[in-house]
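Protein chains in written order, with the working numbering: chain A, 122 to 625; chain B, 243 to 343; chain C, -15 to 487.
Every residue, glycine too, gets a C-beta built ideally from N, C-alpha and C.
Reviewing the structure listed below.
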Ligand SMILES: [Mg+2]
Ligand SMILES: [Zn+2]
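So, in structure tokens, the structure goes:
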């Protein structure tokens, strides 16, 4: 059997029940790190910081250094736990997870082990057709991120074949919340869809809380997807794989689908699944085996002796609970009513994961319909072509600004699309791009009338037809004028002028 | 009470976990010494009962936090001050075999 | 020998304040002494080349009328476990040879701010693992009372420096007795404060839940003065207590002059047998108790049934925490790197740690890795943490009956270099009386109680108080010190052999 043999997805579902599980890491956007006063690279102030410029002694494990817990990170974690419907532990504590790796300054990660801050929750996930699926949450715990390794000298920049690696500790110590689900049963053929919807739900929650930028392409939100299959009718769970490095919602969906098909092919051929971590490859759409689980995964957890228990008061928990934003489902109901979209249009926005973007664009002054149109069509098309999230291309405020120019008649829709491309290419503000590219609508009636006269001269029967009531005949003239103006005219205005002319 | 027999294989495995390359001679010596030591310290499990709480910190405290305010950071020069090898403002290490955890 | 180096820190400070001696003179006198005797004693791993500058600065500030701390201008030896920006910090290990810290340990920063003059870094067992300073990667320190004998450990360098008059004061760290046991074998004073009383920030961690930094000196008052400088809350150490501490110097002065022993209830632990203790150690201990009783102290026998499990619990908790704390020494960011041609970073790490760590460190790291590994945690580390609870309960019960507990500071006087180096278990048993104090987090002080009749070597008596009652130890310690001084007619160290030039 070929290593990458896949079973048809529907066939796989006939034979096996997929069981899912997710570990999502969320980087919090606090000003400083989890255990030090160094600036947090996941905070907008520090984007693009040069290597090793956001480092305090404890982040790189300097001798004698000690961690101290960031209070805001704890509050954010409690809020997130509450938003996930979790109970907040009256007392939780940190533990050391011991393993050697060059991106880990201390060669242990401060995490939480047997006493996480939040446990036993659930998240409501809306699928594409609007049905609601309840995902059970096992726990959410606080921990620190590791530094960043860059592999050099290899053919692909990957770890395999690299000659050496460079280590930057800016990211070391960034506050993380790791959200772990319980096994998820019953997703069936919608397992891939559920996977993407789950990650989207987490993203919506943390954005709603304002505790993370949640940009997957920047690693603010990272998903490990666990997949196992069990033959229909079997009680015992199958062996699971853990797919890492899935950094878009679309990839999460594809990776889960791929693993179901891959595992089904192996099982059907009488093979066994190896418990291992697997890596998702965006380019090939496949997963490949990583490190097999072994007794080297003996992390020797023990309570972190440098830190004390976190025991939030009931008052604090209730204060944070009362400050929670409205839950995503309620928010969706409200936005749908506010915007007056048809069911299908609204669900389209939800399914595309663009609710927050449209909302922010409307908040910045655009009409709901125009905001929806921008995000759902042109921006989504460009994002798809580049294989990135639409939100990574442009800020909602810029979209609103662009729309204002359209509504002011400065740009036609077609010109506005060109300006959008310019904005995404980083050419500046809409106005700067209009100026630089010379894209403004020709609003000088004199120039338009001249062009109309020229077109009418070429098609002398048109005026007659219009006067006879065949108004659609104007189209030929309008087309010729638009062509002469190289598209930079407002077609509606041209039409007005042609009709005026016919009425004379 | 002997909870576990210390064997050369176990010592070698512990050396791997602790990232210390032990020579055969070291493994043998440590196996002998650790056996004696473990025999003498294993008695801790005799005296404790399930109802006794574990003490992680001798003076119980809780909720010790730091305000989320930027403090002193190291300069890149300080970060790299003791680096055995560095390039491009980063630490340089030779090829990595294993993967991230 | 210059008279300056014989002065206590308090007396030197008084002369500095009165302008009778300059800090330059005092610092030079100690540098001269180091030059004369440290070839024999080897208390220092590094001698500062900026000490005289710092002293000149204090003299200038004093001359300018600035108000300075009581110890301003007094030289200070710093245990090499504490990181310093102006001198290498190695923790006695080859793996950190030449390491320069970009920041000062809090206790060092506070000492500098108080005007103390760091003279150099003192020798220690590698990463503070040991009771003899023989496990230093840079060679052993020798006991000024007998150069063939150990100065105790891990802080043998700090104790020997003070005992050899190379410094009036030193900073130490105590995880299981590393301040008090060296004090015992060198005839000096050493105090382990309440856990959290002194910041651990910048102390290269051995076992985080046991480590405590403290003062080393020749008199109780001097330790109290230094404790006043280094103690108090530090936001950089989450385990640091926010308590407002009384003046320990005031407590020591009150103890030396007052009647604190009258009615003082002193607990003696029934389970600590006389057997296993050297006869001269027991005798000195009993004699000191008798002296206290004569002044109105009441000796009360108390029970501490779980102390016998202390050493076992300690040798699980310490290696476990140490195995994790020492993982950072991996050749990536600082310290030694051993090249492995064609090797991966894993190979380089493993070869570096093999070459850079000494035998004792490897032994404990492997032991700690074992104690924490899957399947053994509950039986070992988990049980050891429970023993801690039982020992704390023993202390609670005892302190309901007595004001302080007294023990010999260690079972024997200074043993010979090499005598126990190949018998780790025997070495570990050295700390039987000091370890429970660290496990419970309570304060303990060792002061000289006399000389053992059979070998003429110093013996210390340890006093233990409830957590946060450090001042009580200075009060009692100073009272006993004053009584014994009256008996002896001169400080114990006056009986030590003359070093250096006289030989
Ligand atoms: Mg995980
Ligand atoms: Zn994690």
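Open item on the list: Under 6 Å: does the beta carbon of residue 314 of chain A sit that close to some heavy atom of ligand 3?
Closed with: The model depicted lacks ligand 3 and carries ligand 1 and ligand 2 instead.
Open item on the list: I'd like to know if residue 215 of chain A contacts chain D, where contact means its C-beta is closer than 7 Å to some C-beta of that chain.
Closed with: No chain D is present in this structure, whose protein chains are A, B and C.
TODO: Could you round the C-beta distance between residue 223 of chain A and residue 332 of chain B to whole angstroms and report it? I think they count as a contact, below 8 Å.
DONE: Wrong, their Cβ atoms sit about 11 Å apart, outside the cutoff.
Open item on the list: Quick check: is the beta carbon of residue 287 of chain B nearer than 7 Å to any beta carbon in chain A?
Closed with: no
- [ ] Would you give the residue range spanned by the alpha helix (DSSP H) that residue 472 of chain A belongs to?
- [x] 464 to 472
Open item on the list: Are the CB atoms of residue 420 of chain C and residue 476 of chain C within a distance shorter than 7 Å?
Closed with: no
TODO: State buried or exposed for residue 154 of chain A, treating a residue as buried only when at least 16 other CB atoms are found within 10 Å of its CB.
DONE: buried
TODO: Going by CA-CA distance only, name the one from C/483, C/305 and C/171 that's closest to residue 299 of chain B.
DONE: C/305
Task: Same chain only: Cβ atoms within 6 Å of residue 486 of chain C, ignoring 5 sequence neighbours per side - done: The pLDDT assigned to residue 486 of chain C is 44, lower than 50, so where the model puts this residue is not dependable; a value taken from the coordinates is nonetheless given after this. There are no such residues.
Open item on the list: Any contact between the segment 76 to 86 of chain C and the segment 324 to 344 of chain C? By contact I mean 3 or more CB pairs, one from each, below 8 Å.
Closed with: yes
Task: Cutoff 6 Å; reference residue 324 of chain C; Cβ partners in own chain excluding five residues on either side - done: 331, 332 and 335
Open item on the list: Let me see if you follow: with CB-CB separation under 7 Å, is residue 46 of chain C close to chain B or not?
Closed with: no
Task: Neighbouring residues (CB closer than 7 Å to any heavy atom of ligand 2) - done: A/144, A/146, A/232, A/264, A/297 and A/299
TODO: Kindly confirm or deny that the segment 131 to 143 of chain C and the segment 160 to 177 of chain C touch, where touching means at least three C-beta pairs closer than 8 Å.
DONE: yes
Task: Cβ neighbours of residue 164 of chain A in the same chain (closer than 7 Å, five flanking residues each side left out) - done: 150, 151 and 152
TODO: Throw me the rounded Cβ distance for the residue 90 of chain C and residue 62 of chain C pair, which I believe falls under 8 Å.
DONE: About 13 Å; that fails the 8 Å criterion.
- [ ] Report the three-state DSSP secondary structure of residue 375 of chain A (helix, strand or coil).
- [x] helix
- [ ] Specify the secondary structure class of residue 167 of chain C as computed by DSSP and reduced to three states.
- [x] helix
Open item on the list: Count Cβ pairs between the segment 305 to 312 of chain B and the segment 437 to 445 of chain C that sit closer than 8 Å; are there 3 or more?
Closed with: no
Task: Cβ-based contacts, 8 Å cut-off: residues of the segment 118 to 151 of chain C near chain B - done: none
Open item on the list: Which of the three DSSP states is assigned to residue 229 of chain A in this structure?
Closed with: strand
- [ ] Return yes when the Cβ of residue 193 of chain C is within less than 7 Å of the Cβ of residue 421 of chain A, no when it is not.
- [x] no
Task: Run of the beta strand (DSSP E) containing residue 432 of chain C, from where it starts to where it stops - done: 428 to 435
- [ ] Note down the Cα distance separating residue 338 of chain B from residue 349 of chain A, rounded to an integer number of angstroms.
- [x] 30 Å
Open item on the list: Strictly by DSSP, which residues pair up with residue 401 of chain A?
Closed with: A/408
Open item on the list: Less than 7 Å between the beta carbons of residue 273 of chain A and residue 285 of chain A, yes or no?
Closed with: yes
Task: Ranges of the alpha helix (DSSP H) found wholly within the segment 76 to 145 of chain C, counting only runs of at least 4 - done: 90 to 97
Open item on the list: Please confirm whether residue 423 of chain A has its beta-carbon closer than 7 Å to some beta-carbon of chain C.
Closed with: yes
Open item on the list: Taking CB distances under 7 Å as the criterion, tell me whether residue 193 of chain A reaches chain B.
Closed with: yes
Task: N-terminal and C-terminal residue of the alpha helix (DSSP H) that residue 345 of chain A is part of - done: Element bounds for residue 345 of chain A: not the alpha helix (DSSP H) but the beta strand (DSSP E), 342 to 352.
- [ ] Could you tell me whether any Cβ in chain B is nearer than 7 Å to the Cβ of residue 404 of chain C?
- [x] no
Open item on the list: Between residue 370 of chain C and chain A, is any beta-carbon pair separated by less than 7 Å?
Closed with: no
Open item on the list: According to DSSP, is residue 366 of chain A part of a helix, a strand, or is it coil?
Closed with: strand
Task: residue 417 of chain C burial status per 10 Å Cβ neighbour count (16 or more: buried) - done: buried
TODO: Report yes if the C-beta distance between residue 462 of chain C and residue 67 of chain C is below 7 Å; otherwise report no.
DONE: no
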